[in-house]
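Single-structure report; data block below.
In my numbering, the protein residues as written are 786 to 1095.
Now the structure itself:
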């Protein structure tokens, strides 16, 4: 299968690319390297360094590659930056996605897999765990922009017949994650503890998130190549994990004696979110397989080896 993966030099999508190539697919990668890294690129993938905001650049790649499937991860994913620079956030996440969708259709693509967010689209949840029928009331510009693309996919599917799948991720963590963004807390804590520094927890440490290991997310993308037409699926564990529990799991995996520093809670953050992924289990046959502590152990092992420590 010919697949074009956007954001393929980044944390999640580079792991997706590796799996696709290992499974025998022909893969092209689009990335502007603004947050991704060249060393994450699989050498077996054809790489195009372009900005998805450029309609012409996107069109040229699509016409050259003629992919059957688009797996779209490229995004402005910093919640706080989306608040400071909403125009930039919308340009990348909405207009960039429209460029990809329209030019993919023009090039004859039959399927579009979209990486959305379960952590940001639901806002402050009215009930937990949040399923796909939960009201979508995002409280950040990032949540708005990511959700908007879901509507565009539905619209283009109605008018052109292109099939699509939306995967709403929990907080993804694991090898290649950089310490940027809220979901980077595992990477942040690991890096600081490996360097002998203390970790800061904002608030009392009782804020909860749904942490899902990157290998499980990769598997969801692989399934979505063939299944889930027109579906929106939460990809999470359904297990709420507190900030303090994250710290303790990382500290135990690193093997140091350390206590966190507590600071004032940051305004505007969702306090509690975890996802009901039973629809993904029923319709895609997907379930998470990696426990949080096992995932943290694997992540710490990766960072320790990449930092040359221990």
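We put the beta carbon where it would ideally sit given N, CA and C, even for glycine.
Per-residue DSSP class, three states only, for residue i
i            : result
residue 827  : coil
residue 907  : coil
residue 1051 : coil
residue 794  : coil
residue 1095 : Since pLDDT at residue 1095 reaches only 44, below the 50 mark, its modelled position is unreliable, and the value read off the structure follows with that caveat. Looking at residue 1095 - three-state DSSP - the assignment turns out to be coil, as it is neither helix nor strand.
residue 899  : strand
residue 1060 : strand
residue 919  : coil
residue 804  : helix
residue 1000 : helix
residue 787  : strand
residue 985  : strand
residue 812  : strand
residue 858  : coil
residue 1080 : helix
residue 1024 : coil
residue 833  : strand
residue 886  : helix
residue 912  : coil
residue 993  : strand
residue 1039 : helix
residue 1075 : coil
Among the options, the one whose alpha carbon lies nearest that of residue i
i            : options              : result
residue 863  : 928, 979, 1037       : 928
residue 1015 : 1073, 951, 990       : 951
residue 998  : 1033, 1023, 912      : 1023
residue 987  : 1021, 1045, 1035     : 1045
residue 858  : 912, 888, 892, 802   : 802
residue 1070 : 962, 1013, 914       : 1013
residue 892  : 976, 847, 1064, 978  : 847
residue 1063 : 1021, 1075, 1055     : 1021
residue 1034 : 1084, 829, 1005      : 1084
residue 885  : 840, 1078, 907, 1041 : 840
residue 1004 : 826, 849, 912, 1065  : 1065
residue 1092 : 960, 860, 985        : 960
8 Å Cβ cutoff met for residue i and residue j
i            : j            : result
residue 882  : residue 953  : no
residue 852  : residue 948  : no
residue 1117 : residue 791  : Lying before the first or after the last residue shown, residue 1117 is absent from the chain, which here runs from 786 to 1095.
residue 1081 : residue 1038 : yes
residue 833  : residue 813  : yes
residue 1055 : residue 816  : no
residue 1001 : residue 1076 : no
residue 1088 : residue 975  : yes
Whole-number beta carbon distance between residue j and residue i, since they are thought to touch under 8 Å
i           : j            : result
residue 991 : residue 955  : Wrong, their Cβ atoms sit about 18 Å apart, outside the cutoff.
residue 794 : residue 831  : With a Cβ gap of about 13 Å, residue 794 and residue 831 do not count as contacting.
residue 897 : residue 855  : 5 Å
residue 915 : residue 1058 : 7 Å
residue 923 : residue 932  : 6 Å
residue 875 : residue 930  : 5 Å
residue 917 : residue 1019 : 6 Å
Extent of the continuous beta strand (DSSP E) to which residue i belongs
i            : result
residue 952  : 948-954
residue 1020 : 1016-1020
Endpoints, the alpha helix (DSSP H) within which residue i is located
i            : result
residue 974  : 970-979
residue 871  : 871-875
residue 1010 : Residue 1010 -> no alpha helix (DSSP H), and no H or E assigned at all.
residue 746  : As displayed, the chain neither begins before 786 nor continues past 1095, which places residue 746 out of reach and without an answer.
residue 892  : Premise fails: residue 892 is in no alpha helix (DSSP H) and is neither H nor E.
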